[in-house]
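Protein chains in written order, with the numbering used here: chain A, 7 to 345; chain B, 108 to 399. We put the CB at the ideal spot given by N, CA and C, even for glycine. Here the structure is a predicted model, which is why all the values come from computation and not from measurement. See below for the structure under consideration.
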Amino acid sequence: MSAAEEVVAEGHQAVEAVPKRAMTLGTGTSLVVLAALLIAPVFVKNFIIFQMTMLLIYGLAVLALNILTGGSGQFSLGQSAFYAVGAYTTAVLMEHFNVNYALTLPIAGVVCFGFGFLFGQPALRLSGVYLALATFALATAMPQLLKLNFLEHWTGGVQGLVVTKPDAPFGLPMSQDMWLYYFTLVVVIAIYIFSVNLLRSRSGRAFMAIRDNEIAASAMGVDVALYKTLAFGVSAAITGVAGSLGAIAVQFVAPDSYTITLAISLFLGMVVGGVGWLPGSIVGAAFIIFVPNIAEGISKGLSGAVFGVLLFAVIYLVPHGARQVAIMGQQLAGRLRKN
Amino acid sequence: MELFTNQVLAGIATGAIYACMALAVVMIYQAIDHLNFAQGEMAMFSTFTSWQLMQWGIPYWAAFVITLALSFVAGIAIERILFKPLAKAPVLTNVAGFIALFAIINSSAGLIWDFTIKQYPTPFGSSPFLGSQLISTHQAGMIGVTVLLLLGLYFFFQYTRIGLAMRAAASVPESARLVGINTSWMIALGWGMATAIGAIAGMLIAPVVFLEPNMMGGVLIYGFAAAVLGGLTSPFGAVVGGFLVGIFENLAGTYIPGVGNELKLPIALALIISVLVVKPAGLFGRHIVKRV
Numbered sequence: 007m008s009a010a011e012e013v014v015a016e017g018h019q020a021v022e023a024v025p026k027r028a029m030t031l032g033t034g035t036s037l038v039v040l041a042a043l044l045i046a047p048v049f050v051k052n053f054i055i056f057q058m059t060m061l062l063i064y065g066l067a068v069l070a071l072n073i074l075t076g077g078s079g080q081f082s083l084g085q086s087a088f089y090a091v092g093a094y095t096t097a098v099l100m101e102h103f104n105v106n107y108a109l110t111l112p113i114a115g116v117v118c119f120g121f122g123f124l125f126g127q128p129a130l131r132l133s134g135v136y137l138a139l140a141t142f143a144l145a146t147a148m149p150q151l152l153k154l155n156f157l158e159h160w161t162g163g164v165q166g167l168v169v170t171k172p173d174a175p176f177g178l179p180m181s182q183d184m185w186l187y188y189f190t191l192v193v194v195i196a197i198y199i200f201s202v203n204l205l206r207s208r209s210g211r212a213f214m215a216i217r218d219n220e221i222a223a224s225a226m227g228v229d230v231a232l233y234k235t236l237a238f239g240v241s242a243a244i245t246g247v248a249g250s251l252g253a254i255a256v257q258f259v260a261p262d263s264y265t266i267t268l269a270i271s272l273f274l275g276m277v278v279g280g281v282g283w284l285p286g287s288i289v290g291a292a293f294i295i296f297v298p299n300i301a302e303g304i305s306k307g308l309s310g311a312v313f314g315v316l317l318f319a320v321i322y323l324v325p326h327g328a329r330q331v332a333i334m335g336q337q338l339a340g341r342l343r344k345n
Numbered sequence: 108m109e110l111f112t113n114q115v116l117a118g119i120a121t122g123a124i125y126a127c128m129a130l131a132v133v134m135i136y137q138a139i140d141h142l143n144f145a146q147g148e149m150a151m152f153s154t155f156t157s158w159q160l161m162q163w164g165i166p167y168w169a170a171f172v173i174t175l176a177l178s179f180v181a182g183i184a185i186e187r188i189l190f191k192p193l194a195k196a197p198v199l200t201n202v203a204g205f206i207a208l209f210a211i212i213n214s215s216a217g218l219i220w221d222f223t224i225k226q227y228p229t230p231f232g233s234s235p236f237l238g239s240q241l242i243s244t245h246q247a248g249m250i251g252v253t254v255l256l257l258l259g260l261y262f263f264f265q266y267t268r269i270g271l272a273m274r275a276a277a278s279v280p281e282s283a284r285l286v287g288i289n290t291s292w293m294i295a296l297g298w299g300m301a302t303a304i305g306a307i308a309g310m311l312i313a314p315v316v317f318l319e320p321n322m323m324g325g326v327l328i329y330g331f332a333a334a335v336l337g338g339l340t341s342p343f344g345a346v347v348g349g350f351l352v353g354i355f356e357n358l359a360g361t362y363i364p365g366v367g368n369e370l371k372l373p374i375a376l377a378l379i380i381s382v383l384v385v386k387p388a389g390l391f392g393r394h395i396v397k398r399v
């Protein structure tokens with residue numbers, strides 16, 4: 007949590023001496039959230055547990071994009087492609103090779119790291135809009151690539167693959183959904199801690215130096231090419247793990263689940279959560295899961311319009327997303343205590 | 108040989124549409140330095156509008172002209188209301204804005220006109236053109252309309268005061284402002300024209316790809332590929348790029364084994380990435396040198 011606080015403080019110098027007290031507020035909030043995430047499944051129905059699992063998974067995917075865009079300042083409208091690669095890796099390994107589901111996660115991560123690293127190579131020469139364009143094309147092309155004839159034996163073509171949901175191990179008295187939820191929670195927390203530390207490390211500082219001024223960063227001795235592709239690789243790897251968790255949770259992979267719409271959702275989640283603010287990822291994920299549900303309940307096809315309008319609202323009213331709201335909350339709390 | 112000629116001509120016909128899309132993308136890119144990811148959806152919405160007008164009993168060409176006028180106004184309105192306030196905002200915000208626009212237009216078209224696929228009429232008919240088996244009258248019509256449009260635009264930009272003002276505003280905004288050009292309105296005008304050009308592309312391609320909210324997805328990617336190939340800073344390049352991409356797409360589909368309809372989008376992706384890697388400025392674009 008404290009790395010997040012740093013980012014917040016750095017983005018808003020104007021904030022009057024917040025730190026100490028606010029820090030405890032932040033830590034307190036994260037502890038409450040964590041406790042809620044741990045206890046909640048015991049009291050709710052399986053379907054809600056499933057939705058919470060998806061929340062964590064999308065949160066992870068948004069986090070990955072946040073590392074890429076918020077960390078190293080590169081764009082990606084193509085995260086759905088990495089998500090798809092992760093999901094398919096898991097599905098193929100589980101269904102064709104009978105690999106244990108837990109083992110497929112690191113494999114999917116490595117495969118996606120390679121894919122992202124390779125895709126980062128051309129991306130090196132691109133900046134801003136060009137990169138957005140290249141990744142946009144990647145996301146659009148991905149479903150067609152997955153439908154390719156010669157891959158059909160593995161991927162199941164248009165039909166996709168069915169994935170078996172794992173049972174709880176050691177005879178634990180848990181439903182499959184609940185076990186998968188806790189499994190996901192552990193993976194997500196581990197990756198979250200890794201990401202926070204990554205952004206604080208030497209590599210993380212290199213990312214941010216590139217984000218803020220590429221030429222200055224290279225003059226300071228940062229290997230721009232290496233760190234840019236590395237950011238792509240790490241982001242793709244985390245997205246891939248999210249994808250494989252998603253495949254296990256949904257029990258199904260098909261090319262048309264991974265269209266540009268997914269990439270747009272993830273991008274939207276990042277903007278809503280606040281670019282570069284890792285805790286915002288979970289807020290963004292909640293947004294992209296629950297808002298369409300509510301909108302579709304009112305009318306089919308409405309979710310896109312609602313998304314778009316809300317996105318404009320965020321851009322105009324709270325350009326820093328949930329992070330800005332959190333800062334306002336902090337200031338308010340600080341003021342209340344002073345009085 | 109006949110197959111080859113046939114494919115090249117068909118490629119020129121679809122290339123005409125890509126050229127229009129690329130031109131629309133480049134016009135907005137020149138004006139505001141951002142890629143309009145919603146260009147395809149805007150064209151789709153215009154096409155639906157013209158279809159609706161025809162459903163109400165208005166003849167094709169009247170609907171065509173009314174749609175152009177409406178699109179022009181809508182383009183200006185979008186710029187004034189949504190994107191003018193974002194002029195100074197970072198790239199990320201702008202990309203988010205275009206994505207939002209994309210989502211809004213796509214899903215409102217679905218809400219209003221449903222997601223089912225609709226037939227769209229062609230005014231040219233689809234019999235063989237001039238008795239030859241090479242292309243159909245609709246394909247010839249696509250080429251004809253595009254050529255007329257391009258000539259019109261050429262004369263507009265070369266020989267009218269307002270065309271000159273728009274060019275000045277796009278290339279050196281500061282100086283243009285000093286000589287009394289209202290650059291802000293020139294940008295809005297560019298948006299209006301780009302939207303109208305997109306509408307023409309949409310109405311011409313609709314009989315081929317059929318009318319539905321997602322019809323322009325593939326076309327837009329090819330339009331981007333064309334714009335990148337020709338150079339994002341060159342309208343002329345965008346047009347040439349459009350025709351080249353159209354021909355390339357058809358020839359690749361015919362002669363490279365394993366590349367059928369299903370690989371069309373990956374080809375566009377490969378094209379975009381290889382051009383960006385090998386020659387980022389495109390065939391006719393200028394290199395942009397960043398100052399420290």
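Check your understanding: Under three-state DSSP, which class holds B:Pro-192?
Key -> Along the second sequence, read from residue 1 onward, the residue named residue 192 of chain B stands at position 85. Looking at B:Pro-192 - three-state DSSP - the assignment turns out to be helix.
Point to revise | Proximity winner among A:Ile-304, A:Leu-342, A:Tyr-322, relative to B:Leu-218 (alpha-carbon distances) | key: Residue mapping note: residue 218 of chain B aligns to position 111 of the second sequence, counting from 1. Residue A:Ile-304 is the option with its Cα nearest to B:Leu-218.
Review point. So, is B:Tyr-266 buried or exposed, given that buried needs 16 or more other C-beta atoms within 10 angstroms?
Key: Working through the second sequence from its first residue, we reach residue 266 of chain B at position 159. B:Tyr-266 comes out exposed.
Review point. In terms of residue numbering, what span does the alpha helix (DSSP H) encompassing B:Ala-377 cover?
Key: The residue labelled residue 377 of chain B in the question sits at position 270 within the second sequence. Note, B:Ala-377: alpha helix (DSSP H), 371–385.
Review point. Buried or exposed: where does A:Val-192 fall if 16 or more other Cβ atoms within 10 Å of its Cβ makes it buried?
Key: In the first sequence, counting from the first residue as 1, residue 192 of chain A sits at position 186. Classification of A:Val-192: exposed, given that the 10 Å Cβ count is below 16.
Practice item. For B:Lys-225, write down the residues that DSSP places opposite it in a beta bridge. Key: Within the second sequence, numbered from 1, the residue matching residue 225 of chain B stands at position 118. According to DSSP, B:Lys-225 bridges with B:Leu-318.
Practice item. Please report how far the alpha carbon of B:Ile-379 lies from the alpha carbon of B:Phe-331, in whole angstroms. Key: Locating residue 379 of chain B in the second sequence gives position 272, where the first residue counts as 1. Locating residue 331 of chain B in the second sequence gives position 224, where the first residue counts as 1. Those two C-alpha atoms are separated by around 8 angstroms.
**Study point:** Through-space distance from B:Ala-123 to A:Ala-255, alpha-carbon basis
**Key:** The sequence position of residue 255 of chain A within the first sequence is 249, counting from 1. The sequence position of residue 123 of chain B within the second sequence is 16, counting from 1. If you take the alpha carbons of A:Ala-255 and B:Ala-123, they lie about 45 angstroms apart.
Exercise for review: Report back the beta-carbon spacing between A:Ala-108 and A:Ala-253 to the nearest angstrom; my notes put them in contact at under 8 angstroms.
Suggested key: Locating residue 108 of chain A in the first sequence gives position 102, counting from the first residue. Locating residue 253 of chain A in the first sequence gives position 247, counting from the first residue. In fact, because the Cβ distance is near 13 angstroms, the residues do not count as touching under 8 angstroms.
Practice item. Determine, using beta carbons only, whether A:Ser-309 comes closer than 8 angstroms to chain B. Key: Numbered from its first residue, the first sequence carries residue 309 of chain A at position 303. Yes, A:Ser-309 counts as interfacial toward chain B.
Exercise for review: Can you say whether B:Phe-262 is buried or exposed, counting buried as having 16 or more other CB atoms within 10 angstroms of its CB?
Suggested key: Counted from its first residue, the second sequence places residue 262 of chain B at position 155. B:Phe-262 comes out exposed.
Review point. Beta-carbon of A:Ile-321 versus every beta-carbon of chain B: anything under 8 angstroms?
Key: The residue you call residue 321 of chain A lines up with position 315 of the first sequence. Closer than 8 angstroms to some Cβ of chain B, the Cβ of A:Ile-321 qualifies, so yes.
Practice item. Would you give the residue range spanned by the alpha helix (DSSP H) that A:Phe-81 belongs to? Key: Against the first sequence, residue 81 of chain A aligns to sequence position 75. Run containing A:Phe-81: none; DSSP gives neither H nor E here.
Practice item. Could you run through the region 222–237 of chain A and flag, in chain order, every residue whose CB is less than 8 angstroms away from some CB of chain B? Key: none
Review point. Is the shortest distance between the beta-carbon of A:Phe-81 and the beta-carbons of chain B less than 8 angstroms?
Key: On the first sequence, residue 81 of chain A is found 75 positions in, with the first residue counted as 1. Yes - at least one Cβ of chain B is within 8 angstroms of the one on A:Phe-81.
Check your understanding: Taking 8 angstroms as the CB-CB limit, is A:Phe-318 close to chain B?
Key -> Residue mapping note: residue 318 of chain A aligns to position 312 of the first sequence, counting from 1. True, the Cβ-Cβ gap to chain B drops below 8 angstroms.
Practice item. Measure the C-alpha to C-alpha separation of B:Val-198 and A:Lys-153 and round it to an integer number of angstroms. Key: Walking along the second sequence from the start, residue 198 of chain B turns up at place 91. Walking along the first sequence from the start, residue 153 of chain A turns up at place 147. Roughly 33 angstroms between the two C-alpha positions.
Review point. Taking only beta-carbon atoms, is B:Leu-336 less than 8 angstroms away from chain A?
Key: In the second sequence, residue 336 of chain B corresponds to position 229, counting from 1. With 8 angstroms as the cut-off, B:Leu-336 does not count as an interface residue toward chain A.
Practice item. With a 10 Å radius around its C-beta and 16 neighbouring C-beta atoms as the bar for buried, classify A:Tyr-89 as buried or exposed. Key: Residue 89 of chain A sits at position 83 when you count from the first residue of the first sequence. Per the 10 Å Cβ criterion, buried.
Practice item. Spell out whether any CB of chain A is found under 8 angstroms from the CB atom of B:Ile-206. Key: On the second sequence, position 99 is the one that residue 206 of chain B refers to. So, interface residue.
**Study point:** Helix, strand or coil at A:Leu-323 [DSSP, three-state]
**Key:** Mapped onto the first sequence, residue 323 of chain A falls at position 317. Here A:Leu-323 sits in helix by DSSP.
Review point. What does A:Val-135 touch in chain B if you count any residue whose Cβ is under 9 angstroms from its own?
Key: Indexing the first sequence from 1 puts residue 135 of chain A at position 129. Result: Tyr-136, Asp-140, His-141, Leu-142, Val-198, Asn-201, Val-202, Leu-339.
Review point. Of the choices A:Gly-126, A:Gln-150, A:Thr-95, A:Asn-104, whose alpha-carbon is the least far from that of B:Ala-375?
Key: The residue you call residue 375 of chain B lines up with position 268 of the second sequence. Answer by Cα proximity: A:Gln-150.
Exercise for review: Using 10 angstroms around the beta-carbon of A:Asn-52, count the other beta-carbons present and answer buried if the total reaches 16, otherwise exposed.
Suggested key: Stepping through the first sequence from its first residue, residue 52 of chain A is reached at position 46. A:Asn-52 comes out exposed.
Review point. Between the C-alpha atoms of A:Phe-251 and A:Arg-208, what's the straight-line distance to the nearest angstrom?
Key: For this step, residue 251 of chain A is matched to residue 245 along the first sequence. For this step, residue 208 of chain A is matched to residue 202 along the first sequence. Per the sequence shown, residue 251 of chain A should be read as Leu rather than Phe. One C-alpha to the other measures close to 29 angstroms.
**Study point:** Contact set between B:Ser-215 and chain C, taken where Cβ atoms lie within less than 7 angstroms
**Key:** Included in the structure are the protein chains A and B, with no chain C among them.
Check your understanding: Which ranges does the alpha helix (DSSP H) cover as unbroken runs of at least 4 residues, wholly within the region 80–161 of chain A, from first to last along the chain?
Key -> 85–103, 107–129, 134–152, 158–161
Review point. How about A:Val-91 and A:Phe-125: are their beta carbons less than 8 angstroms apart?
Key: Taking the first residue of the first sequence as position 1, residue 91 of chain A is located at position 85. Taking the first residue of the first sequence as position 1, residue 125 of chain A is located at position 119. Result no, Cβ atoms of A:Val-91 and A:Phe-125 do not sit closer than 8 angstroms.
Check your understanding: Contact between the region 135–152 of chain B and the region 130–146 of chain A: three or more CB pairs below 8 angstroms?
Key -> yes
Exercise for review: Using a threshold of 8 angstroms, state whether the C-beta atoms of A:Ser-271 and A:Asn-72 are closer than that.
Suggested key: For the purposes of this step, residue 271 of chain A is taken as the residue at position 265 of the first sequence. For the purposes of this step, residue 72 of chain A is taken as the residue at position 66 of the first sequence. Result no, Cβ atoms of A:Ser-271 and A:Asn-72 do not sit closer than 8 angstroms.
Review point. Beta-carbon of A:Thr-75 versus every beta-carbon of chain B: anything under 8 angstroms?
Key: Here residue 75 of chain A refers to the residue found at position 69 of the first sequence. Yes - at least one Cβ of chain B is within 8 angstroms of the one on A:Thr-75.
Point to revise | Contact belief for B:Gly-299 with B:Phe-152 at Cβ below 8 angstroms, rounded distance in angstroms | key: Against the second sequence, residue 299 of chain B aligns to sequence position 192. Against the second sequence, residue 152 of chain B aligns to sequence position 45. With 8 angstroms as the limit, B:Gly-299 and B:Phe-152 do not qualify as a contact, their Cβ atoms being about 15 angstroms apart.
Review point. Going along the chain, which residues of its own chain have a beta-carbon closer than 6 angstroms to the beta-carbon of B:Thr-121, five neighbours each way excluded?
Key: For this step, residue 121 of chain B is matched to residue 14 along the second sequence. So the qualifying residues of the chain are Gly-353.
Review point. Does A:Ile-270 have its Cβ less than 8 angstroms from a Cβ in chain B?
Key: Here residue 270 of chain A is taken as the residue at index 264 of the first sequence, counted from 1. A:Ile-270 counts as touching chain B.
Practice item. Just mark A:Phe-313 as buried or exposed, buried being the case when its beta carbon has 16 or more other beta carbons within 10 Å. Key: Numbered from its first residue, the first sequence carries residue 313 of chain A at position 307. Flag for A:Phe-313 reads buried.
Review point. Which word fits B:His-245, buried or exposed, when buried means at least 16 other C-beta atoms lie within 10 angstroms of its C-beta?
Key: By 1-based counting over the second sequence, the position of residue 245 of chain B is 138. Result: buried.
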